[in-house]
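Protein chains: 4
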Amino acid sequence: MKRVAVLGATGYSGIELLRLLSLHKDVAVAAVSADKNAGLPVDSVIPSLKGFYKLTCQKIDQLFDTDFDVVFLALPHEQSVSVCRKFLKKNTVVIDISGAFRLKDAGLFKKWYGFETIAELSASAVYGLPEIKREQIKKARLIANPGCYPTGAIIPLAPFLRKGIIKNTGIIVDAKSGVTGAGRSPSQDLHFPEVSDGFKAYKPASHRHIPEIEQALSEISQGTSITFVPHLVPTNRGIFTTIYAVSEKKKITLQELEEVLMEAYKDEPFVRIIRSPELPNVNTVKGSNFIDIAVRLDERNSTIILFSAIDNLVKGASGQAIQNMNLSLGFDETLGLTLPPVFP
Amino acid sequence: MKRVAVLGATGYSGIELLRLLSLHKDVAVAAVSADKNAGLPVDSVIPSLKGFYKLTCQKIDQLFDTDFDVVFLALPHEQSVSVCRKFLKKNTVVIDISGAFRLKDAGLFKKWYGFETIAELSASAVYGLPEIKREQIKKARLIANPGCYPTGAIIPLAPFLRKGIIKNTGIIVDAKSGVTGAGRSPSQDLHFPEVSDGFKAYKPASHRHIPEIEQALSEISQGTSITFVPHLVPTNRGIFTTIYAVSEKKKITLQELEEVLMEAYKDEPFVRIIRSPELPNVNTVKGSNFIDIAVRLDERNSTIILFSAIDNLVKGASGQAIQNMNLSLGFDETLGLTLPPVFP
Amino acid sequence: MKRVAVLGATGYSGIELLRLLSLHKDVAVAAVSADKNAGLPVDSVIPSLKGFYKLTCQKIDQLFDTDFDVVFLALPHEQSVSVCRKFLKKNTVVIDISGAFRLKDAGLFKKWYGFETIAELSASAVYGLPEIKREQIKKARLIANPGCYPTGAIIPLAPFLRKGIIKNTGIIVDAKSGVTGAGRSPSQDLHFPEVSDGFKAYKPASHRHIPEIEQALSEISQGTSITFVPHLVPTNRGIFTTIYAVSEKKKITLQELEEVLMEAYKDEPFVRIIRSPELPNVNTVKGSNFIDIAVRLDERNSTIILFSAIDNLVKGASGQAIQNMNLSLGFDETLGLTLPPVFP
Amino acid sequence: MKRVAVLGATGYSGIELLRLLSLHKDVAVAAVSADKNAGLPVDSVIPSLKGFYKLTCQKIDQLFDTDFDVVFLALPHEQSVSVCRKFLKKNTVVIDISGAFRLKDAGLFKKWYGFETIAELSASAVYGLPEIKREQIKKARLIANPGCYPTGAIIPLAPFLRKGIIKNTGIIVDAKSGVTGAGRSPSQDLHFPEVSDGFKAYKPASHRHIPEIEQALSEISQGTSITFVPHLVPTNRGIFTTIYAVSEKKKITLQELEEVLMEAYKDEPFVRIIRSPELPNVNTVKGSNFIDIAVRLDERNSTIILFSAIDNLVKGASGQAIQNMNLSLGFDETLGLTLPPVFP
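Those protein sequence lines, which keep their order, are chains E, X, R and B. Its first residue numbered 8, the first sequence is counted upward by one per residue in our numbering. Its first residue numbered 8, the second sequence is counted upward by one per residue in our numbering. Its first residue numbered 8, the third sequence is counted upward by one per residue in our numbering. Its first residue numbered 8, the fourth sequence is counted upward by one per residue in our numbering.
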């Protein structure tokens with residue numbers, strides 16, 4: 008059994024890691040941190056997990072001297088920066104779920120996040136999107152787990168950029184996320200009655216995930232640029248992403264477009280291509296590590312439209328982190344992640 | 008007191024007409040039709056309205072020989088076609104909330120709706136968007152009340168097309184609607200557990216409101232073409248529309264863009280411009296006839312982003328129909344429509 | 008025009024007062040307080056009301072020297088206690104929406120609220136439930152507006168206790184409230200994802216509304232005692248109350264029970280009796296000042312079951328406060344409150 | 008590997024059986040029926056399960072001649088009656104999720120269900136509530152899987168009736184269910200906008216689960232009688248049950264009451280006792296086979312209050328059916344059911 012630690016266990020990503028890891032046969036959670044709840048049994052702090060863990064929450068600094076095979080950082084960005092080095096030991100892989108080490112360009116990071124990361128760590132970190140970086144992930148010591156929106160945007164776009172089927176500018180990414188994506192800290196904006204029966208855009212063309220998406224896609228097609236607007240859906244889980252791109256091909260058909268997706272992802276265990284006339288829906292991936300993708304062609308405007316649905320806490324965060332852990336530890340990539348979606 | 012009839016009183020648009028008309032001091036609802044509930048008191052069929060009306064539901068054909076000042080058709084498209092002429096009398100104005108007479112091109116109608124309308128009526132009908140067609144509405148005998156999505160898309164786009172600030176092609180309209188927009192007939196797709204916790208796109212680049220939006224915008228800028236994808240939000244009311252357009256101006260600023268909106272709509276009683284850094288939210292227009300609009304500039308991509316929020320049953324249907332009635336009867340345009348939004 | 012002030016304008020009760028008062032033809036809102044937003048235009052702080060008020064938020068103490076006809080206190084309990092006397096002037100009626108002055112027994116207040124009220128004010132205050140206290144309300148200078156749960160429980164129970172049809176002990180009140188009842192301050196418990204998809208009881212047999220309900224019912228039937236459990240429904244508005252009482256009559260019929268309700272409330276403008284086989288639903292009173300009530304008989308167990316539905320922010324708070332204001336100012340009791348429910 | 012069949016695979020209970028069975032290592036789903044979708048791949052009909060099954064939906068009568076170890080009937084009551092005998096073969100255990108064979112008294116069945124069951128089968132069926140009937144379940148050939156409401160009511164009540172701590176009359180069961188409990192067939196009542204933002208009681212003191220609950224409890228305390236009112240919560244999954252019973256003990260304490268529960272269920276794998284001051288919540292059992300229970304004492308009224316939370320589709324239906332299957336096949340009772348709840 009490999010020993011792992013979950014830091015930030017009582018946030019939504021941490022809870023989700025614990026939910027999923029309880030089903031993993033080759034890994035044991037050896038320690039959990041939750042600064043505010045230090046000293047309390049983790050299963051009293053997370054009532055859904057009552058009976059699943061006998062661990063006591065610790066403060067992060069109590070874990071600096073313990074050895075783990077894998078350490079998951081489900082912490083605020085700033086805190087990931089401040090503790091990451093403490094866990095980057097010889098035999099430990101660190102999987103950071105925050106955005107702290109995702110951007111290769113430290114200046115860009117400063118601009119979008121408003122504080123400094125550790126440039127050297129960002130430089131060495133591997134971006135943990137297995138569908139794009141599988142081989143590098145296997146060898147990484149620090150894995151920067153992708154953001155939820157980037158996961159939903161990059162996977163559908165990559166094959167079309169790779170084949171030059173769409174322009175790499177003028178791409179519109181209109182994303183709609185459930186509220187768990189905003190984390191567990193209460194705020195006026197996320198108070199139940201402010202969200203329920205509402206629907207809004209936020210941070211239009213100014214969200215931190217923009218440089219992350221562009222960085223990943225530019226590795227495929229140099230100079231890729233997107234306009235990105237996220238929206239808040241009055242529901243808990245799920246990101247639905249609608250992407251509009253300009254076709255470079257005059258005469259492509261819907262069937263050819265679907266074949267691009269099917270060919271690109273035919274061996275991917277967690278990518279499901281939804282063929283016309285069906286379309287993805289967040290309620291058919293909920294609780295699972297799948298990303299469901301579809302494509303359509305608006306022939307009237309030579310526009311290619313892509314759709315994806317993920318559970319932001321699974322494929323968009325903790326499930327993908329476990330997928331990365333599996334790759335890193337040499338396990339079957341799907342271990343502990345074979346749960347079907349919970350519908351309805 | 009003017010006498011009006013509400014046909015299709017027990018659908019969501021019909022119920023909303025009755026809710027709003029009960030507050031109108033110069034109009035009396037003289038008759039309601041509801042074929043399936045004919046013979047029953049309307050306030051037993053619509054429990055929210057218990058005590059507000061003493062009318063009995065009738066079959067539509069029982070109303071052919073009665074005279075009304077205004078007849079609202081809150082009927083399925085096909086039924087509007089089949090009964091409209093019966094009510095188009097010398098002194099009666101017909102306001103059709105269906106899509107039956109919105110498209111000037113009868114061939115286009117056939118293509119998108121799959122059946123024939125009455126070309127002659129469509130030709131004479133006035134498109135009932137007061138912000139665009141106020142003067143014609145005043146004189147119309149048949150008013151084609153706009154669709155909910157077109158209302159949310161045309162009002163924000165019109166000023167920018169009129170001034171040549173955006174290209175009239177490559178416009179992306181990504182709209183998100185509550186479930187009441189789909190009407191009151193039960194179906195598997197709209198069964199509560201299928202919608203709740205879900206989020207999906209439907210009819211991408213193939214929704215009937217596409218030609219309606221393009222027709223209205225092409226009157227402003229010949230040849231306007233849009234890519235339109237509607238989505239279903241697990242909530243009752245509200246349409247949030249996010250629109251992406253290519254800027255024709257190299258050096259325009261956000262402030263200039265906001266001034267375009269403010270100038271265009273400064274005298275409009277139901278258009279509210281939401282200035283940066285605020286953005287619209289469907290929960291601040293709910294139950295009211297307002298359309299809240301904002302604009303942003305994605306300078307990195309020369310993309311202008313527009314946002315609008317409406318209550319699909321009010322400004323997107325019945326409230327706008329009453330606004331049209333007020334114009335038609337020479338009343339103050341806001342009569343019966345001055346309710347503030349219900350928040351939260 | 009009478010001049011009123013709304014203190015605590017940016018909480019849910021305050022917002023609802025402003026929504027409803029904007030529709031009242033004989034009253035003008037002359038001042039609003041909102042300590043945290045002092046200096047800002049009220050309609051920028053409450054986006055739903057944009058354009059409805061030209062007032063600027065003030066600090067409460069800025070209003071001590073101004074004269075108003077009516078002052079609404081939509082404040083925390085403690086703050087009502089601390090400022091009430093400042094507004095109780097010769098020609099001013101104070102309507103307190105908090106619980107500060109509802110309990111006649113100051114010791115009981117201390118026990119349930121954990122702090123002291125002003126016994127003398129509580130003693131002189133009139134409990135503002137018009138269906139029970141109309142005549143006293145007309146003459147009151149301080150009106151203690153009822154709690155939301157008490158409104159939903161007292162109105163259905165009163166007629167049956169008055170006629171001795173049910174026992175006054177062993178009464179079970181099982182209430183289910185939307186989240187706005189918990190106020191607008193963000194907290195972990197009311198963070199959107201914690202509430203959505205959840206359902207729970209809270210403060211079982213220990214909620215502050217217990218002594219309030221028992222006090223009001225004991226004026227009708229000395230010694231009335233209830234077991235009260237409130238629950239949180241993942242929705243914004245509405246309280247549904249299910250009440251179980253032991254029948255004192257061996258042979259009463261459902262029809263006789265319904266007649267008790269109809270007779271008791273036949274002249275009440277805001278009480279609607281829902282006859283079998285129909286039942287109330289919070290979605291048919293939403294946005295309105297109605298309380299819908301029904302009764303059933305469980306003959307197998309000699310149990311009488313009562314049901315009520317209210318909008319907690321209207322009949323359960325701000326609407327009832329305006330009803331009290333109307334009584335106090337000698338207006339028609341329904342002025343400004345004739346809006347139909349918003350369905351769906 | 009044992010071979011099982013799931014009849015009625017595309018209803019919510021059927022889908023949930025397939026979700027859970029995909030995780031069961033000793034059982035293979037050998038056939039599924041879905042009359043309306045016969046001939047289609049089951050994973051195209053249930054998009055959430057895409058990739059999990061390679062089976063084709065069949066008509067029920069195509070399965071009459073196949074041998075299975077276990078047959079799950081996730082069918083309407085009437086259809087269970089009509090096909091049950093076809094599957095009750097020598098080596099087959101039938102687990103019926105409908106209500107067809109739950110009531111021992113065929114006359115009572117007729118009265119509450121309005122049609123005839125097969126008295127002989129009802130007589131031989133074992134009521135599949137493992138916490139009460141574990142040993143009989145192991146030997147049963149026909150297992151009548153409990154209703155969702157009965158599961159939530161019987162488990163908390165049984166220990167207190169067994170010990171004579173509460174009266175067996177005057178018990179109030181006030182239950183609140185998510186919408187999936189009403190099945191997957193669309194209807195006006197369950198159309199999204201009719202449910203969302205609503206809350207209502209239905210079938211008060213007249214629901215079919217009353218005789219089922221009374222039958223089970225009367226085996227513990229002869230003559231137990233309940234008043235039962237179910238309510239509809241605008242959410243998908245979960246039943247929260249609040250139970251009020253009269254204490255027979257003058258001086259019992261909360262601690263003693265909690266000990267009754269802990270003692271009764273200390274070896275039960277799926278019963279979790281939630282100790283004061285915590286209370287259950289449906290959102291901490293969602294997706295899992297747990298029932299979370301708590302107790303409170305209303306000393307002022309000698310009333311004992313019980314609370315339970317289940318996922319109606321798991322412990323209230325398909326999870327419990329698999330628990331019964333495990334018992335029947337001699338497996339560890341928890342096989343395939345060790346998933347933690349999905350929170351939030």
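Backbone N, C-alpha and C fix where the C-beta goes; we use that ideal spot for every residue, glycine too. Being a predicted model, the structure only gives us computed values, none of them experimental.
- Put simply, the CB of E:Glu255 is far from chain X, with every gap to its CB atoms at 8 Å or more.
- The three-state secondary structure of R:Ile161, taken from DSSP, is helix.
- Of all residues in the segment 9-34 of chain X, those with a C-beta nearer than 9 Å to a C-beta of chain R are Tyr19, Ile22, Glu23, Leu25, Arg26, Leu27, Ser29, Leu30, reading in chain order.
- The residue from R:Ser309, R:Arg148, R:Leu320 with its alpha-carbon nearest to that of R:Lys256 is R:Ser309.
- Contacts with chain R at 8 Å (Cβ-Cβ) do not include X:Lys322.
- Proximity of chain X to E:Lys293 at the Cβ level (cut-off 7 Å) is accounted for by Asp204, in chain order.
- Comparing alpha carbon positions, the residue from X:Lys146, X:Gln65, X:Pro348, X:Ile125 closest to X:Gly337 is X:Lys146.
- Beta-bridge partners of R:Ala12 (DSSP): R:Ala38, R:Val78.
- Every beta strand (DSSP E) stretch that sits fully inside the segment 119-195 of chain R and reaches 3 residues is listed by chain position as 149-151, 178-184.
- Cβ atoms of R:Ser325 and R:Glu23 come within 8 Å of each other, at about 4 Å.
- Interface flag for E:Pro348 against chain X is unset, since no Cβ pair is found closer than 8 Å.
- A contact between stretches requires three or more CB pairs, one per stretch, nearer than 8 Å, and the segment 31-45 of chain E meets this requirement with the segment 8-17 of chain E.
- Residue range 246-253 is occupied by the beta strand (DSSP E) that includes E:Tyr251.
- Boundaries cannot be given for E:Leu70, as no beta strand (DSSP E) includes it and DSSP labels it neither H nor E.
- With respect to the C-alpha of B:Ile67, the residue from B:Asp318, B:Phe79, B:Leu286 having the closest C-alpha is B:Phe79.
- The criterion of a C-beta distance shorter than 8 Å is satisfied by X:Asp204 and B:Asn243.
- Neighbourhood of R:Phe314 in chain B, by CB distance below 7 Å: Ala208, in chain order.
- By the neighbour-count definition (other C-beta atoms within 10 Å, threshold 16), X:Arg307 is an exposed residue.
- Taking B:Ser232 as reference, the option from B:Ala165, B:Cys91, B:Cys155, B:Asn44 with the minimal CA-CA separation is B:Ala165.
- Our two residues, E:Glu123 and E:Ile280, have alpha carbons roughly 39 Å apart in a direct line.
- In this model, X:Asp33 and X:Met8 are separated by some 5 Å (Cα to Cα).
- For R:Ala328, the uninterrupted alpha helix (DSSP H) segment begins and ends at 326-336.
- Put simply, the CB of X:Pro200 is near chain E, with a gap under 8 Å to one of its CB atoms.
- Excluding five sequence positions before and after B:Tyr19, the CB atoms of its chain that fall closer than 7 Å to its own CB belong to Thr187, Gly190, Arg191, Leu320, given in chain order.
- Scanning E:Leu47, E:Asp103, E:Ile217, E:Gly171 for the CA closest to the CA of E:Pro157 turns up E:Ile217.
- Nearest to X:Leu264 by alpha-carbon distance, out of X:Val236, X:Trp119, X:Phe314, X:Thr248, is X:Phe314.
- Distance check between R:Ile139 and each of R:Pro153, R:Asp74, R:Ala107, R:Ala81 places R:Pro153 closest, using alpha-carbon atoms only.
- Look at X:Val133: its C-beta is not under 8 Å from any C-beta on chain E.
- Within chain E, no C-beta atom comes nearer than 9 Å to that of B:Asn331; the closest sits roughly 21 Å away.
- In the structure shown, B:Val101 falls within a strand segment according to DSSP collapsed to helix, strand and coil.
- The contact set of R:Gly58 on chain X, defined by CB atoms closer than 7 Å, consists of Arg279 in chain order.
- The bridge partners DSSP lists for X:Ala316 are X:Phe247, X:Asp299.
- As the crow flies, the alpha-carbon of E:Thr17 is around 38 Å from that of X:Asp299.
- X:Thr187 has a beta carbon lying within less than 8 Å of a beta carbon in chain R.
- Interface annotation, X:Ser225: not in contact with chain R, CB-CB separation never under 8 Å.
- Look at R:Ala208 here: in three-state DSSP terms it is strand.
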